[in-house]
Each structure stands twice: as structure tokens, then as C-alpha cells.
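>
2 protein chains.
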Amino acid sequence: MSDIREYLKKRKEEVDRYIEIYLPEEGEGPSLLRKAMRYSLLAGGKRIRPILAITTYEAIKGENKKNEEIMPVAVSLEYIHTFTLIHDDLPALDNDDLRRGKPTNHKVFGEAMAILAGDALFIESFNLLLKSTLNSENLVKIMQVLSHEIGISGVIGGQVVDIEAEKERTCDEDRVKFIHERKTASFIRASIEIGAVAGGADEKTLKLLKEAGTKIGLAFQIVDDILDETSTPEELGKTPGKDRMSGKCTWVKVYGLKRAREDAERLKNEAVDLLNLIPHTEILKGIAEFIVKRTY
Amino acid sequence: MSDIREYLKKRKEEVDRYIEIYLPEEGEGPSLLRKAMRYSLLAGGKRIRPILAITTYEAIKGENKKNEEIMPVAVSLEYIHTFTLIHDDLPALDNDDLRRGKPTNHKVFGEAMAILAGDALFIESFNLLLKSTLNSENLVKIMQVLSHEIGISGVIGGQVVDIEAEKERTCDEDRVKFIHERKTASFIRASIEIGAVAGGADEKTLKLLKEAGTKIGLAFQIVDDILDETSTPEELGKTPGKDRMSGKCTWVKVYGLKRAREDAERLKNEAVDLLNLIPHTEILKGIAEFIVKRTY
Numbered sequence: 001m002s003d004i005r006e007y008l009k010k011r012k013e014e015v016d017r018y019i020e021i022y023l024p025e026e027g028e029g030p031s032l033l034r035k036a037m038r039y040s041l042l043a044g045g046k047r048i049r050p051i052l053a054i055t056t057y058e059a060i061k062g063e064n065k066k067n068e069e070i071m072p073v074a075v076s077l078e079y080i081h082t083f084t085l086i087h088d089d090l091p092a093l094d095n096d097d098l099r100r101g102k103p104t105n106h107k108v109f110g111e112a113m114a115i116l117a118g119d120a121l122f123i124e125s126f127n128l129l130l131k132s133t134l135n136s137e138n139l140v141k142i143m144q145v146l147s148h149e150i151g152i153s154g155v156i157g158g159q160v161v162d163i164e165a166e167k168e169r170t171c172d173e174d175r176v177k178f179i180h181e182r183k184t185a186s187f188i189r190a191s192i193e194i195g196a197v198a199g200g201a202d203e204k205t206l207k208l209l210k211e212a213g214t215k216i217g218l219a220f221q222i223v224d225d226i227l228d229e230t231s232t233p234e235e236l237g238k239t240p241g242k243d244r245m246s247g248k249c250t251w252v253k254v255y256g257l258k259r260a261r262e263d264a265e266r267l268k269n270e271a272v273d274l275l276n277l278i279p280h281t282e283i284l285k286g287i288a289e290f291i292v293k294r295t296y
Numbered sequence: 297m298s299d300i301r302e303y304l305k306k307r308k309e310e311v312d313r314y315i316e317i318y319l320p321e322e323g324e325g326p327s328l329l330r331k332a333m334r335y336s337l338l339a340g341g342k343r344i345r346p347i348l349a350i351t352t353y354e355a356i357k358g359e360n361k362k363n364e365e366i367m368p369v370a371v372s373l374e375y376i377h378t379f380t381l382i383h384d385d386l387p388a389l390d391n392d393d394l395r396r397g398k399p400t401n402h403k404v405f406g407e408a409m410a411i412l413a414g415d416a417l418f419i420e421s422f423n424l425l426l427k428s429t430l431n432s433e434n435l436v437k438i439m440q441v442l443s444h445e446i447g448i449s450g451v452i453g454g455q456v457v458d459i460e461a462e463k464e465r466t467c468d469e470d471r472v473k474f475i476h477e478r479k480t481a482s483f484i485r486a487s488i489e490i491g492a493v494a495g496g497a498d499e500k501t502l503k504l505l506k507e508a509g510t511k512i513g514l515a516f517q518i519v520d521d522i523l524d525e526t527s528t529p530e531e532l533g534k535t536p537g538k539d540r541m542s543g544k545c546t547w548v549k550v551y552g553l554k555r556a557r558e559d560a561e562r563l564k565n566e567a568v569d570l571l572n573l574i575p576h577t578e579i580l581k582g583i584a585e586f587i588v589k590r591t592y
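Sequence lines, in order, name chains U and S. So the first sequence is residues 1 to 296, counted in the numbering used here. So the second sequence is residues 297 to 592, counted in the numbering used here.
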């Protein structure tokens, strides 16, 4: 575990360096918009999605890896993730004041700017992704995966059902699986799938990685649900217990803490079994372990 | 003019038919989200952006035109346009209750759903665009144009400066040109440029069309500013005079009605002069005429 923590730390620093290159303080567009985008983008975060894409790409590409192929694609995933967080935190949605230990975007820049900064991050993610030196066929495939997994059948669809479940106080096994698979697992799976496409994976490998990705993604969200119940505010970067208080439909709510822990562990093991069928996936397996064991 | 009105009417009906095909009532994703997306998408509108893309594509492609190449691309522009309108109307931004004669999205579905419906339309626009049978090279080029012209240097950047100008009550010749070129002209130019790329235009033609597109786009927004002062609520589909009351930075505010009319006419003439250098652009010229003469 200490090795993988070290790996994740180094990779996070690398992603952060590239964010500074791709969206520096000075550049095109209104400076206040740029400031609002950078504020949330640089407010911390584990960079799990870009790192999954990079790690998967490198597992497949081996010695022939090129930063100019994968980094614009990987960092664009963090732009998109940040866009969903900014909009999620808005007063009309989750109404969160704190994110990663800092005031949320709308608390600092106001609601109008937070909405537009989210929109801008999303649009600029495509701008950035298209700067990759991958060939057009692969870029199109990646965009197809991304727009499908983020769209109405993926992240945004999951967010809508999440809000509905919270409002209607309807939460059961089917509902929580539906929300978690879409809101979180689709994006985690997409990050791995996109890395695989960028690396030129064959059909069989791609299928295995997608299956493993779904399980890792689901485990990731279950652990998020657990941490919301068990973490300290310092570890979490926001007030713990907020899911329960706001009536969110979580794995812990449906199955309790003990079963949630068992499910996360089981899903991780199933993912590792799948990854064992693919060479050079040691680090990916390590990340899966980390995701289940993390305390933040 | 009656010919071009007939043409625009027929083409609008065609675009509307394709929207029904691409986003039918029943399909993937939460039904309420789909309903909110369809509500604004089908609430009317001239469909100027898709029509400009289709018309430009056909001018270049001639007999070899294929609906399966251009329609997904053209309709995706209306998804994006609708996304910007839904977010623009939100209480935190323009706070509009009425759009195209109907209650705005957040008035019907609430703010949370309006934010997510806007996000979803934007994401699904890429999903749709990528269904085009154009080759990958052209799809990548089109997405590059789009994400650049909608991003921080284009539409979203323009929206931010628009809000700043309204709040700070700063409005002069430079400011209004900056806002209008980004908020409106970039998208109109992009629609023409995208049609041209889809049709396989050569570099010289592309350059001329982009120049003409900027002028048509600027004329379009100037006429919008004029109509906000001079239209009836029935023609406009919303309360006239709102720009002035809310302190918006408009062409009419800076130059007055008479000069605004002259500028729109002049820009249109300059665009027509450019289009005269390209064969088969009669309909495009007709649309430019319509844009300046329209009363809605």
C-alpha cells in the first residue's frame, strides 16, 4: 500500500503540473472565468480518473507511451469531473458550502459564475482532449465513450435519479445500484476504457477492462458512502454525515456499514480477478486496493 | 424574401422531425430529464444554426449530399444552442420567465433540473454529432471548431463579459463588439464553418465563409438588440425592452436605433459581397437578407 500511495502522489503531482500547462493563470477568455475554473480545478482531489486513464494506457502501450498522446486526454477527465462537482454543489442541487476543505465555487464566485465555470470546464475538456496527438479514429472512439458515459445514460442521468430519490425518499437495492452505477461507476469505467482505447487495446482486453472498471467504480462509490459516515471533517474535506442528514440514497443506508464494507471488498476482489487475465496490470490492481482501503 | 421564408419554414420542419428521431419521448435515461430536455428543444425557435450548417454543406457538396452525414451534426448545434439558452435564463443569470412565448425551463421543471437538462443537452450534442457518417478526420475538425467557438474564447466567454458589463454598468463600443462577437457571432460563424468542413470545402472557401459568418453573426445580434426595443411581445415571445431595463450592453444602447439598423445592413452587404465569390451561395445570401429583415 505504501508503494501505491507513493505512486498516486507522484502521478497526482504530474497531473497538477499539466493542469498548470493547459490552463495557466494568463490566457484566452475573461480572466474572472479562468480564475473560477482554476479555483475548483486546483482545489485538490485525488486525480483518480486521469491516473486510471494514464495507468491503463501505459499498461497496454508499454515502452511506446507518449505523454503528448495521453496527457491531454487524461487531464480532460479531471476538467469534466470538476464540472460535475461545481454543478453538484450548487444551491439548487446539493447546496454544499465546502468541497475538499475549501469553500465551494459558488460560495467564492457567486452562482452565475459557478454555473458558467462548470459549463466552461466541460467545453474546454473537449478542446483539450482534441489536442492529443492520437489519430482521429481513436479520438472519435474516445469521444464516443466519454459522451455516452457522461450523458443521460451515465453521470448526468445518475445525478437526476439521485436528486429524485432524495426528494421522494425512495431508496432500495435497485435504486442505489442504478444511481451508483451511473453517477460514479460509468465515469470510472470510462476513464479505464479511454486509457485502453488510447493505448490501442484489442477487443478482448477492452471488454475485461470495462468489466473490471465497473466493479472498481462501484466499490469507489460504496467507499465514499462509508467514509461519509465514518470520517473526520479533516479527512473528508467536508462535513461528514451529510448524506444521511439530507436523505441521500447510499449503499450504507440500504445495506448498513458492515455489508457495505464486505461489498466493496468483494467487488475489488472480482476486479482483481479480471485484471489478473491481463498482463502489466499490477499498478491498476494496486489502485483498486487503494480505493477500498483509503480513508479520504 | 417570401421564397426564403418558405425555404426556412421547410428546413425548420425538417430539423424538428430529426429532433424527434434523435431524442424521442421514450428512450435511455431518466424520463423526467428527457422531458425537460425535449421541452426546451421543442419550444420553437428558428433553427438558424442547423439551417446555416445544412445550407452551407449543400452549397459545397452539391448532388453528393447525404442526410446521414450532415443532419446529426446540424441538429447537435441546436442542442448546444438550447443548452446555452436554458442556463442563460436561470435566476442566477438573466432570470427570464419567458422564452419563445413559453415559461422557461426552470419555471416548469425547477432550477436543479434546468441546470442538469442544460448539461445533458450539451453532452448529448457530442453523442449525436458523433453519429454522423462523416470520416473521423472531419469529425475531429468539426469538434475542434465547436469546442473552440463555444468555449472560453467564444460563447461562454461572451456570456461572462455580458454579465460583468450588466453588473458594472460598463458599456461602450469596444465592450459591445467584444460581447457580440463572442456570444453570438462565434456560434453563427461556427455553424457555417462546420457545414463547410462537413462538405469538404477547400481552404480558400473556408476562409471566405468564416469571414462572411462573422459578419452575418454580428448582424444577427444587432437585429436581436433592435427587436428587443421595437417588437411586440407576441412577435418576440418574451417581454420587449428587457435588455434596456436590465442594463444590458447592446448595440442600440451604444449607437442608437438608426445607426444599429445601418450597421446591420452594412454587415449583411459585406457578407453578401464575400459570398458572391463562392458559387451556389444564393440561399446563404437569402438567409443573410432574412436575418436583417426579420421581425422575430
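Here a beta-carbon is modelled for each residue, glycine too, at the ideal position from N, C-alpha and C. Everything numeric in this text was worked out from a predicted model, so none of it was measured.
1. For residue 49 of chain U, which three-state DSSP category applies?
2. Check for me: the alpha helix (DSSP H) holding residue 501 of chain S runs from which residue to which?
3. Indicate the three-state DSSP secondary structure (helix, strand or coil) for residue 99 of chain U in the structure shown.
4. Short of 8 Å in beta carbon distance, which residues of its chain neighbour residue 226 of chain U, apart from the five on each side in sequence? Order them along the chain.
5. Just verifying my parser: in three-state terms, what is the DSSP assignment at residue 17 of chain U?
6. In the DSSP assignment, find the alpha helix (DSSP H) that holds residue 253 of chain U and state where it starts and stops.
7. Would DSSP call residue 363 of chain S helix, strand or coil?
8. Ordered along the chain, which non-local residues of its own chain (more than five positions away) have a Cβ less than 6 Å from that of residue 338 of chain S?
9. Whose Cβ in chain U lies nearer than 8 Å to the Cβ of residue 601 of chain S?
10. Residues of chain U with a CB under 8 Å from the CB of residue 326 of chain S: which are they?
11. Please look up how many angstroms separate the CB atoms of residue 54 of chain U and residue 74 of chain U, rounded, as I've assumed it's under 8 Å.
12. The alpha helix (DSSP H) with residue 388 of chain S in it runs from where to where?
13. CB residue 206 of chain U to CB residue 196 of chain U, shorter than 7 Å?
14. Check whether the Cβ atoms of residue 60 of chain U and residue 212 of chain U lie closer than 7 Å to each other.
15. Spatial neighbours of residue 590 of chain S within its chain, please: CB distance less than 7 Å, with the 5 preceding and 5 following residues excluded, ordered by chain position.
16. Identify the contact partners of residue 130 of chain U in chain S, using a Cβ-Cβ distance below 8 Å as the criterion.
17. Whole angstroms are fine: how far does the CA of residue 459 of chain S sit from the CA of residue 120 of chain U?
18. So the candidates are S:534, S:471, S:567 and S:542; which of them puts its Cα closest to the Cα of residue 30 of chain U?
19. With the cut-off set at 7 Å, would you say residue 374 of chain S and residue 343 of chain S are in Cβ contact?
20. What are the start and end residues of each continuous alpha helix (DSSP H) run of 4 or more residues lying completely inside the segment 414-480 of chain S, in chain order?
21. Assess, as a yes-or-no matter, whether the segment 145-161 of chain U is touched by the segment 429-446 of chain S under the definition of 3 or more beta carbon pairs within less than 8 Å.
22. Just the chain U side, please: which residues come within less than 8 Å of residue 330 of chain S by C-beta, in chain order?
23. Pull up the CB-CB distance for residue 476 of chain S and residue 514 of chain S, whole angstroms please, since I reckon it's below 8 Å.
24. In chain order, what residues of the same chain have a beta carbon less than 7 Å from the beta carbon of residue 247 of chain U, not counting five sequence neighbours either side?
25. I want to verify the contact list: residues of chain U whose CB lies under 9 Å from the CB of residue 569 of chain S, in sequence order.
26. Name the chain S residues whose beta carbon is nearer than 9 Å to that of residue 122 of chain U?
27. Cα-Cα, which of U:76, U:221, U:144 and U:111 is closest to residue 91 of chain U?
28. To the nearest angstrom, how far is the alpha carbon of residue 567 of chain S from that of residue 9 of chain U?
29. So residue 411 of chain S contacts chain U; which residues on that side make the cut at Cβ distance below 8 Å?
30. With distances taken Cα to Cα, identify the nearest neighbour of residue 575 of chain S among S:505, S:550, S:527 and S:551.
31. Where does residue 482 of chain S fall in DSSP's three states?
32. Excluding the 5 residues preceding and the 5 following residue 229 of chain U in the sequence, name in chain order all residues of the same chain whose CB lies nearer than 8 Å to its CB.
33. Looking at the structure shown, is residue 87 of chain U part of a helix, part of a strand, or coil, going by DSSP?
34. Closest by CA to residue 160 of chain U, which one among U:255, U:88 and U:99?
35. At the level of alpha carbons, what is the spacing between residue 117 of chain U and residue 216 of chain U?
36. Would you call residue 125 of chain U buried or exposed, if buried means 16 or more other Cβ atoms sit within 10 Å of its Cβ?
In short, the structure shows the following:
1. Residue state, collapsed to three classes: helix.
2. Looking at the DSSP string, the run of the alpha helix (DSSP H) that includes residue 501 of chain S is 499-526.
3. In the three-state DSSP reduction, residue 99 of chain U falls in the strand class (E or B).
4. 251, 252, 257, 260, 261 and 264, listed in sequence order.
5. Residue 17 of chain U falls in the helix class under three-state DSSP.
6. Secondary structure note for residue 253 of chain U: its alpha helix (DSSP H) is the uninterrupted segment 251-275.
7. Note: residue 363 of chain S maps to helix in three-state DSSP.
8. Taken in chain order, the list of residues that qualify is empty.
9. Lying outside 297 to 592, the shown extent of chain S, residue 601 of chain S is not represented and no answer is given.
10. Result: 152, 157, 160, 161 and 164.
11. Contact holds; Cβ gap of about 5 Å.
12. Per DSSP, residue 388 of chain S belongs to no alpha helix (DSSP H) and is neither H nor E.
13. Closer than 7 Å, so yes.
14. Taking 7 Å as the cut-off, the Cβ atoms of residue 60 of chain U and residue 212 of chain U do not count as close.
15. Leaving aside the five residues that flank residue 590 of chain S on each side, the residues in its chain whose CB is nearer than 7 Å to its CB run, in chain order, 519.
16. Simply 436, 439, 440 and 443.
17. Put simply, the backbone Cα of residue 120 of chain U is about 15 Å away from that of residue 459 of chain S.
18. For residue 30 of chain U, the closest of S:534, S:471, S:567 and S:542 by C-alpha to C-alpha distance is S:471.
19. Residue 374 of chain S is a Cβ neighbour of residue 343 of chain S, given a cutoff of 7 Å.
20. As far as the segment 414-480 of chain S is concerned, its whole alpha helix (DSSP H) runs of at least 4 residues are 432-446, 451-464 and 469-476.
21. These segments do not touch.
22. Within 8 Å Cβ-Cβ: 152.
23. Confirmed, about 6 Å.
24. Cβ within range, chain order: 166 and 169.
25. Result: empty, since nearest Cβ-Cβ is about 30 Å, beyond 9 Å.
26. Ordered by position in chain S, the residues that pass the 9 Å Cβ test against residue 122 of chain U are 415, 418 and 419.
27. By alpha-carbon distance to residue 91 of chain U, the top candidate from U:76, U:221, U:144 and U:111 is U:111.
28. If you draw a straight line from the Cα of residue 567 of chain S to the Cα of residue 9 of chain U, it comes to about 55 Å.
29. Result: 87, 90, 92, 93 and 115.
30. Closest by alpha carbon: S:505.
31. Per DSSP, reduced to three states, the secondary structure at residue 482 of chain S is helical.
32. For residue 229 of chain U, where only same-chain residues beyond five positions count, the Cβ hits under 8 Å are 240, 241, 243, 244, 252 and 257.
33. Helix, per DSSP.
34. Taking only the C-alpha atoms, the option nearest residue 160 of chain U is U:88.
35. Taking the straight line joining both Cα atoms gives about 29 Å.
36. Residue 125 of chain U is buried by the Cβ-count criterion.
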